[in-house]
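For the sequence shown, the numbering used here begins at 29 and goes up steadily by one.
Below is one structure, written out as structure tokens; comments come after it.
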Amino acid sequence: MPLAPLTTLLADARAGGYAVGYFEAWDSYSLEAVVEAAEAESAPVILGFGCLLVDRAWLDGGGIEALSRLGRPVAEQAQVPTCLLLNEANTLEQARRGLDAGFTALMLHTGRQSPTDAVEQVGALVRAAHERGVAVEGELGSLPAATGSEIDDAHAALTDPGEAAAFVAATGVDSLAVSFGNVHVLEGRSAPVDLDRLAEIHRLVDVPLVVHGGTSFPPEAVAGAIARGVAKFNVGTVLKRTFLEGLAEAVGTRVDDPGPHELLGSHSSHDLLDAGKRRLVPVVRNLIRLYGGSGRAA
Ligand code: 13P
Numbered sequence: 029m030p031l032a033p034l035t036t037l038l039a040d041a042r043a044g045g046y047a048v049g050y051f052e053a054w055d056s057y058s059l060e061a062v063v064e065a066a067e068a069e070s071a072p073v074i075l076g077f078g079c080l081l082v083d084r085a086w087l088d089g090g091g092i093e094a095l096s097r098l099g100r101p102v103a104e105q106a107q108v109p110t111c112l113l114l115n116e117a118n119t120l121e122q123a124r125r126g127l128d129a130g131f132t133a134l135m136l137h138t139g140r141q142s143p144t145d146a147v148e149q150v151g152a153l154v155r156a157a158h159e160r161g162v163a164v165e166g167e168l169g170s171l172p173a174a175t176g177s178e179i180d181d182a183h184a185a186l187t188d189p190g191e192a193a194a195f196v197a198a199t200g201v202d203s204l205a206v207s208f209g210n211v212h213v214l215e216g217r218s219a220p221v222d223l224d225r226l227a228e229i230h231r232l233v234d235v236p237l238v239v240h241g242g243t244s245f246p247p248e249a250v251a252g253a254i255a256r257g258v259a260k261f262n263v264g265t266v267l268k269r270t271f272l273e274g275l276a277e278a279v280g281t282r283v284d285d286p287g288p289h290e291l292l293g294s295h296s297s298h299d300l301l302d303a304g305k306r307r308l309v310p311v312v313r314n315l316i317r318l319y320g321g322s323g324r325a326a
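Shown next, in the form of structure tokens:
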């Protein structure tokens, strides 16, 4: 089916009182797992790849184009509404290359930039992207990062509601990622979030809001976040952790050796990477249900 504009996916989510999951893939197996989960749930889904934790030289040396060539056909064949997002481009140049390469939604990571630079760069990206019908997600505020269950908030900044409204007006972004306690790549515990701050942002900002750090977002706060304007959850770390567990178990429990061709890339029952994919599908399905997306594709 043709790709849907991100703006439509998020507007439908807001109108329907649910959120769309962006489940960040890194290869064809993870991407196919997300599609399989979304189709099984009959749910809209946001497909795509992230830049923040990927080698910059690889991305700049053709990686962005390779990811688009991998992602576009998979997204276009999906039987549920979807789009293809290049998430957290490290530079404006990377985001522009994502636009040229065929991504249908873009996000430039500006969490560490000065407000003036962020407005200038994101505004330029919005102008270029909107000319081609491509949506741009902005961010205001900066999430704490984590190593395992240790939070590092040295560069963290909560989103100021008034500044968020000014940023959206100045840049023209279609959606806004916000920081209200949510933490990036935190494992083993959930991050306490401030729904009052989110409510105040929602009061002043009219575009759909986005939560990064889906892995550690408290499940009991999901409905409250959706009621306060969140239409998209980004999930990454738990997906790779789950895939790794499936892969490690498959490696550890092998007693026979059907040979390297069967074990890697065969897509048969012997494929170790396929074991990672199979472990991932139910985890994505559960998150889609948590966000209220099941059955919304019809
Ligand atoms: P987690 O890895 O914490 O789920 O966050 C992913 C994310 O926000 C990608 O943009």
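Yeah, the Cβ is synthetic: ideal placement off N, Cα and C, and Gly gets one too.
Keep in mind it's a predicted model, so treat the numbers as computed, not measured.
Beta strand (DSSP E) segment containing residue i, residue limits
i    : result
A157 : Not the beta strand (DSSP E): A157 falls in the alpha helix (DSSP H), residues 143-159.
T175 : 173-175
V263 : 258-263
D222 : Segment: none, D222 is in no beta strand (DSSP E) and carries neither H nor E.
G78  : 73-78
E215 : No beta strand (DSSP E) contains E215, which DSSP labels as neither H nor E.
L134 : 133-136
G49  : 48-51
A41  : Run containing A41: none in the beta strand (DSSP E); it sits in the alpha helix (DSSP H), 34-44.
T110 : 110-117
L204 : 203-206
L237 : 237-239
Beta-carbon separation (whole angstroms), residue i vs residue j, contact threshold 8 Å
i    : j    : result
N210 : E52  : N210 to E52, Cβ: 15 Å. No contact.
L204 : V164 : Their Cβ separation, rounded to whole angstroms, is 10 Å, which puts L204 and V164 out of contact at 8 Å.
P72  : L37  : 5 Å
G241 : L214 : 7 Å
E104 : L31  : 6 Å
Y46  : Y319 : 6 Å
Y57  : D302 : 7 Å
L229 : V206 : The residue you asked about is not Leu; residue 229 is Ile in the sequence shown. Between V206 and I229 the Cβ distance is about 6 Å, and since that is below 8 Å, they are a contact.
D82  : G91  : Residue identity check: residue 82 is Val in the sequence provided, not Asp. Correct: roughly 7 Å between the Cβ atoms.
A94  : A259 : That belief does not hold up - the Cβ atoms of A94 and A259 are roughly 29 Å apart, past 8 Å.
S70  : A253 : With a Cβ gap of about 23 Å, S70 and A253 do not count as contacting.
G321 : V48  : 6 Å
Bounding residues of the alpha helix (DSSP H) (the contiguous stretch that carries residue i)
i    : result
E167 : Counting along the chain, E167 falls outside any alpha helix (DSSP H), though it belongs to the beta strand (DSSP E) covering 163-168.
V63  : 56-69
S96  : 92-105
N314 : 300-318
V327 : Any question about residue 327 goes unanswered here, given that the chain covers just 29 to 326.
V196 : 189-199
D128 : 120-129
E290 : 288-291
A185 : Neither: A185 is in no alpha helix (DSSP H) and is coded neither H nor E.
Cβ-based neighbour list, residue i, same chain, cut-off 8 Å, excluding 5 preceding and 5 following
i    : result
H156 : The amino acid at residue 156 is misidentified as His; the sequence shows Ala. Result list for A156: R124, L127, in chain order.
E290 : S296, H298, D299
N327 : Past the boundaries of the shown model lies residue 327; the chain is included only from 29 to 326, so the question cannot be answered.
Q149 : L120, L136, T138, Q141
A174 : D180, V211, H212, V213, L214, E215, S244
G151 : A198, T199, G200
L112 : L31, L75, G76, S96, G99, R100, A103, G130, F131, T132, A133
Closest Cα partner of residue i within the set the options
i    : options                : result
L171 : V221, G200, T132       : V221
T144 : L168, E104, A39        : L168
G130 : R97, D285, A325        : R97
L267 : P288, L292, T132, I316 : I316
E67  : L95, D40, M29, A39     : M29
R269 : W54, A43, A194         : W54
G323 : A39, L95, P109         : P109
R217 : G176, V279, F208       : G176
G166 : H158, R160, I254, V196 : V196
V312 : L75, D40, E159         : L75
A193 : G280, E159, V147, G293 : V147
Own chain, CB closer than 6 Å to residue i, minus 5 neighbours either side, in chain order
i    : result
L114 : G126, F131, L134
G264 : E52
E64  : V309
Q107 : E67
G257 : H230, L237
A278 : L300, A303
A61  : K305, L308, V309
P286 : H298
H158 : none
Beta-carbon contacts of residue i that lie in its chain and below 7 Å, excluding the five residues immediately before and after
i    : result
P247 : L318
A227 : R256
E116 : G78, C79, L80, M135, H137
Residue i beta carbon near the ligand ATP (any heavy atom closer than 7 Å)
i    : result
V213 : Judged by which ligands are present, the ligand ATP is missing from the structure shown, whose ligands are the ligand 13P.
Query raised in the report: Using 8 Å as the threshold, is the region 229-239 in touch with the region 188-203, meaning 3 or more CB pairs across them?
Result: yes
Requested in this report: Could you tell me whether the region 270-277 touches the region 303-311, where touching means 3 or more Cβ pairs closer than 8 Å?
Outcome: yes
Requested in this report: Check whether the region 196-203 touches the region 173-183, taking contact to mean three or more Cβ pairs, one atom from each stretch, closer than 8 Å.
Outcome: Judged by Cβ distances under 8 Å, the region 196-203 makes no contact with the region 173-183, as fewer than three pairs qualify.
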